[in-house]
Amino acid sequence: MKLTVWTYEGPTHVGAMRVATAMKGLHYVLHAPQGDTYADLLFTMIERRNHRPPVTYTTFQARDLGSDTASLFKSAAQDAVERFNPEAIIVGASCTAELIQDDPAGLAETMGLDIPVIPLELPSYSRKENFGADETFYQIVRTLAKAQERTKHVTCNILGPTALGFRARDNIEEITGLLEDLGISINVVAPFDATPTDIANIPAAHFNVLLTPETGEAACRWLEKTHNQPFTKVVPIGVGATRDFIAEVAQITGLPCKPDESRLRMPWWSKSVDSTYLTGKRVFIFGDGTHVAAHARIARDEMGFEVVGIGCYNREMARPIRALAKDYGLEALITDDYLAVEDAIQQAAPEMILGTQMERHIGKRLGIPCAVISAPVHVQDFPARYSPQVGFEGANVIFDTLIHPLVMGLEEHLLTMFRDDFEFHDAAGPSHHGGHSPKPAEEVSCSGEMKEEVAPSLDNVVWLTDAEKELKKIPFFVRGKARRNTEAFAAERGLAEISLDTLYEAKAHYAR
Amino acid sequence: MNLPLPPTNGGCRTAPVLKERGQREVFCGLTGIIWLHRKMQDAFFLVVGSRTCAHLLQSAAGVMIFAEPRFGTAILEETDLAGMADAHQELDREVARLLERRPDIRQLFLVGSCPSEVIKIDLARAAERLTQVHAPHVRVLNYSGSGIETTFTQGEDACLASMVPVLKDTTARELLLVGALPDVVEDQMIDLLTKMGIDNIRLLPARRIDDTTAVGPNTVFALTQPFLGDTHAELERRGARHLAAPFPFGDEGTTAWLRTIAHEFGVSEEVFEQVTTAPRARARKAIAQAAEALNGKSVFFFPDSQLEIPLARFLTRECGMTAIEVGSPYIHDALHGPDLDLLPAGPQISEGQDVDKQLARARAARPDLTVCGLGLANPLEAEGLSTKWAIELVFTPVHFYEQAGDLAGLFSRPLRRKQALQLEAAE
Chain C
1 MKLTVWTYEG
11 PTHVGAMRVA
21 TAMKGLHYVL
31 HAPQGDTYAD
41 LLFTMIERRN
51 HRPPVTYTTF
61 QARDLGSDTA
71 SLFKSAAQDA
81 VERFNPEAII
91 VGASCTAELI
101 QDDPAGLAET
111 MGLDIPVIPL
121 ELPSYSRKEN
131 FGADETFYQI
141 VRTLAKAQER
151 TKHVTCNILG
161 PTALGFRARD
171 NIEEITGLLE
181 DLGISINVVA
191 PFDATPTDIA
201 NIPAAHFNVL
211 LTPETGEAAC
221 RWLEKTHNQP
231 FTKVVPIGVG
241 ATRDFIAEVA
251 QITGLPCKPD
261 ESRLRMPWWS
271 KSVDSTYLTG
281 KRVFIFGDGT
291 HVAAHARIAR
301 DEMGFEVVGI
311 GCYNREMARP
321 IRALAKDYGL
331 EALITDDYLA
341 VEDAIQQAAP
351 EMILGTQMER
361 HIGKRLGIPC
371 AVISAPVHVQ
381 DFPARYSPQV
391 GFEGANVIFD
401 TLIHPLVMGL
411 EEHLLTMFRD
421 DFEFHDAAGP
431 SHHGGHSPKP
441 AEEVSCSGEM
451 KEEVAPSLDN
461 VVWLTDAEKE
471 LKKIPFFVRG
481 KARRNTEAFA
491 AERGLAEISL
501 DTLYEAKAHY
511 AR
Chain B
513 MNLPLPPTNG
523 GCRTAPVLKE
533 RGQREVFCGL
543 TGIIWLHRKM
553 QDAFFLVVGS
563 RTCAHLLQSA
573 AGVMIFAEPR
583 FGTAILEETD
593 LAGMADAHQE
603 LDREVARLLE
613 RRPDIRQLFL
623 VGSCPSEVIK
633 IDLARAAERL
643 TQVHAPHVRV
653 LNYSGSGIET
663 TFTQGEDACL
673 ASMVPVLKDT
683 TARELLLVGA
693 LPDVVEDQMI
703 DLLTKMGIDN
713 IRLLPARRID
723 DTTAVGPNTV
733 FALTQPFLGD
743 THAELERRGA
753 RHLAAPFPFG
763 DEGTTAWLRT
773 IAHEFGVSEE
783 VFEQVTTAPR
793 ARARKAIAQA
803 AEALNGKSVF
813 FFPDSQLEIP
823 LARFLTRECG
833 MTAIEVGSPY
843 IHDALHGPDL
853 DLLPAGPQIS
863 EGQDVDKQLA
873 RARAARPDLT
883 VCGLGLANPL
893 EAEGLSTKWA
903 IELVFTPVHF
913 YEQAGDLAGL
923 FSRPLRRKQA
933 LQLEAAE
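As they're listed, the protein sequences go chains C and B.
Residue 490 in my numbering is what sits at position 490 of the first sequence, and the numbering runs on without skipping anything.
If you want my numbering, it's the position in the second sequence, counting the first as 1, plus 512.
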């Protein structure tokens, strides 16, 4: 048993739903109790989908348990096939149905349906949502893909994007444009908007683009082994990664691959003088492994940030993320316990967080700006405008995303110069955020925890009143760092007290 | 006595009920935790369940809005299922850790889920044991919020019903008001009754455990929510008597509900009028404004919270709407009868759900407004049907006079929006 207040990933069958909902002509018959239908709203509300997920729930109740839940499953499956007329169905159990062991796969097999029936075994008590999506897509591909001749001209499949993915819709459009620009046509995009017939045709392509490793890697590995289709390992998020991706495609296809970079603005935006204020900003990165890896590179190499924390919630990516963190001189945080993430963020006292909706919330509590770069998603992560993350336009979008939460360059200076101005003070937050500006002072009093004030002092150094007062004059976005640096400085020198002089000596010591 | 008159064409109490069972597009009872944990400020709700339960709770209400919610899920893992770990020891450990972290918690609810019930973890026994360990500071109770036992608002019913047996005994003549209401609404309700001279009022749930809610043979109780069937039964078991009335939605419902209590406590007609005239007039005025958009329109209710019957009564009698179908997950005559008496005959009354069949009926009827759950709303909007998400009716203050206009407004807004949006090119 493990106590959880908030989870980064849903259960495995929600992963399967993300695949089913992304597809057309496929239906999911899910053996599940009443109440599990809540998952529909993830798609209809968060993603604003205009149709119900293609899922039939058996919705058994207590009174069914004594009698015959198996026949309930069979009649639900029969009704679903008749009503929705799918090309194929996937069948499985949610966590409770797994316990009653009705064996949906075996039951569906005995029904003699004349369409492919794909059974799913998704262990609800040991695995999570991403595994569920990855495994479901793999099983669908394994069952439906048909060996066939390659297309005459060079084509590829784009594999991995599901419903409820992070900017899946726009990523597909952007990567399609990029590949076509390179002279490569798209054979199939899956599971997003794919039919079972499309899945059957996957082996006609020359190679696969694995756009989201979390949900498409098992299928890509199987296609490589069985149908001899290589797949791309670089996820083209960020300028450097996009260029590496293009090089990888050139290597796979033997095509010259000269991309059109005329719309790529991000490098100049990073180099222009206004961006000086970004240099050395300390950022903490947490999310799914793929996005964390991409953003670590963007943060350090393309924005000039200093990365002070790296971690991911999906254990499947623990190994690459640990290796990556080492490369940045850090220890990776691999956990799905958001309280541990909050502790780590508080310890690192970054100036900005690149995270998920949960880290945005943590940032709000700690008064640290946060840009959302990874699932789990919220209604805000489905913008109406075109907003890809991959390719060159994706890099442009990410630049905007990363600077939006921050206080702007000149504003930052003015805040430092006129610390006591009653209107123009740091607690008012970035001027372009209106009502959403963080209010650290209030936050502290209403949470009753006084987070910042009781932050454990190293070696119990005491802050003298003058120094404490001066510390409060330092803008909130660097205050945490100033406190930590000063305490570390004092501790190193064996000082028991921090005076105004100590504060400024520390400032000079850490000047950069 | 201007009691509401039953409709001239007869009411719906004896109308045939279409009973369906099939796929149900409803939440399970765990969802009630979202509002219960805000209502009872010293309570913590610990769901013993799966990752699905935790995911439901955070999804159903966009739960990230709460800094530190007073609920959590003890997620069962493989070791718990394989019997490798003793579920009770595990639970004791998690509860001890939780209570240590949250010394402000005075009552803890162990909430059963589908998986905990299927593998038969005895939470009643656990609650007894944990009460002994953590008494007197913390009281531990248990109830089921599982989908196999409860539908959406039945979770609150199960929670309140679990509290009735531990209420103190009393022989005092008291009025017990039952159902979780937003504080502002609760204050208005108490104020109205106090002005009538009724002051021996108790609340279930009370905001804090130290409050002195008690029950006994001289207790009379009124329900403020139409989904409290089990709590009703538990209170009768303790000797309390139910004051059946239409539920306090809209001017008419609120007046009838108050009048039933006033009658019981011998409040004079004069005092009753004096207390209710001004807020009644305000309610009528506010309803009239919002009802302009509703008048003459048709409404179709999918089953969701058991609020459907009283709300259909309000919309048909006070807002000029016509009900096509009124679906409720469950219908209890003792609770819903007074509202069914007033609901003009005509609509199909349905209990339970087979969602695809019901969707087919809604599409055929093409109602002006469809009241349904979050999973159905956008798909129906995309088909051109205006919808009202039912869950908002549970999360918004809608009871009594001062909220009557807001209640009508919840239904009129989707229709006004449809009118307001002009997205086509000008000719």
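Think of the CB as a built atom: it goes at the ideal place given N, C-alpha and C, for glycine as much as any other residue.
Residue i: buried (16+ other C-beta within 10 angstroms of its C-beta) or exposed?
i: C/Pro591; result: In this structure chain C extends from 1 to 512, so residue 591 of chain C is not present and cannot be described.
i: C/Asp400; result: exposed
i: C/Gln346; result: buried
i: B/His911; result: buried
i: B/Ser571; result: buried
i: B/Ala932; result: exposed
i: B/Arg685; result: exposed
i: B/Val676; result: buried
i: C/Asn460; result: exposed
i: B/Phe907; result: exposed
i: C/His436; result: Low confidence applies here, because C/His436 scores a pLDDT of 46, under 50, leaving its location unreliable; read the following figure in that light. Flag for C/His436 reads exposed.
i: C/Pro438; result: Confidence is the limiting factor: at C/Pro438 the pLDDT is only 47, short of 50, which leaves the residue's position unreliable, though a coordinate-based value still follows. It counts as buried.
i: C/Ala508; result: exposed
i: C/Gly448; result: Because C/Gly448 sits at a pLDDT of 34, beneath the cut-off of 50, its placement in the model cannot be relied upon, and the following sentence gives the value as read from the coordinates. So C/Gly448 counts as exposed.
i: C/Pro440; result: Annotation note: pLDDT 45 at C/Pro440 (below 50); position unreliable, no value reported.
i: B/Ala647; result: exposed
i: C/Tyr504; result: exposed
i: C/Thr242; result: buried
List the residues of chain C that residue i touches, going by C-beta distances under 9 Å, in chain order.
i: B/Ala572; result: Tyr38, Leu41
i: B/Arg536; result: Gln34, Gly35, Thr37, Tyr57, Thr59, Gln61
Would you mind reading off the limits of the beta strand (DSSP E) that contains residue i?
i: C/Thr56; result: 55 to 57
i: B/Ser862; result: 860 to 865
i: B/Gln619; result: 619 to 624
i: B/Val559; result: 555 to 561
i: B/Leu593; result: Element bounds for B/Leu593: not the beta strand (DSSP E) but the alpha helix (DSSP H), 590 to 593.
i: C/Thr4; result: 2 to 4
i: B/Ile773; result: Looking at the DSSP string, B/Ile773 is not in any beta strand (DSSP E); the run it does join, the alpha helix (DSSP H), is 762 to 776.
i: C/Ala496; result: Element bounds for C/Ala496: n/a, residue is neither H nor E.
i: B/Phe583; result: 583 to 587
i: B/Glu532; result: 529 to 533
i: C/Lys551; result: Absent from the structure is residue 551 of chain C, since the part of chain C shown begins at 1 and ends at 512.
List the residues of chain B whose Cβ lies closer than 7 Å to the Cβ of residue i, in chain order.
i: C/Ile100; result: Val630
Please list, in chain order, the chain B residues whose beta carbon lies closer than 8 Å to that of residue i.
i: C/Lys281; result: What C/Lys281 touches in chain B: nothing, since even the nearest Cβ is about 25 Å away.
Using the DSSP secondary-structure output, state which residues sit across from residue i in a beta bridge.
i: C/Gly287; result: C/Cys312
i: C/Tyr504; result: DSSP, once it has assigned bridges, lists no residue as partnering C/Tyr504.
i: B/Asp634; result: Its beta-bridge partners do not exist; DSSP assigns none.
i: C/Phe93; result: First, the residue type needs correcting, since residue 93 of chain C is Ala and not Phe in the sequence shown. C/His31, per the DSSP bridge assignment.
i: C/Met352; result: C/Val283
i: C/Cys370; result: C/Ile353
i: B/Leu688; result: B/Arg714, B/Phe733
i: C/Cys220; result: For C/Cys220, which the question treats as bridged, DSSP gives no partner whatsoever.
I'd like the span of the alpha helix (DSSP H) that includes residue i, first residue to last.
i: B/Ala820; result: For the sequence presented, residue 820 of chain B should be read as Glu rather than Ala. That run of the alpha helix (DSSP H) goes 820 to 830.
i: C/Ala22; result: 12 to 22
i: C/Gly391; result: 391 to 403
i: B/Ser780; result: Careful: B/Ser780 lies outside any alpha helix (DSSP H) and carries neither H nor E.
i: B/Arg929; result: 912 to 932
List the residues of chain C whose Cβ lies closer than 8 Å to the Cβ of residue i, in chain order.
i: B/Ser940; result: Since the first and last residues shown for chain B are 513 and 939, residue 940 of chain B lies out of range.
i: B/Asn890; result: Thr44, Met45, Arg48, Arg49, Asn50
i: B/Leu610; result: Leu3
In chain B, which residues lie less than 9 Å from residue i when you measure between Cβ atoms?
i: C/Arg83; result: Asp868
Residues of chain C with CB under 7 Å from residue i, in chain order?
i: B/Thr663; result: Gln34
i: B/Gly887; result: Thr37, Asp40, Leu41, Thr44, Arg52
i: B/Pro627; result: Cys95, Thr96, Leu99
i: B/Asp592; result: Met1
i: B/Ala745; result: Residues of chain C passing the Cβ test: none, with the nearest at roughly 18 Å.
Problem set entry | Length-filtered (4 minimum) alpha helix (DSSP H) runs lying within the region 135 to 214 of chain C | 168 to 181, 196 to 200
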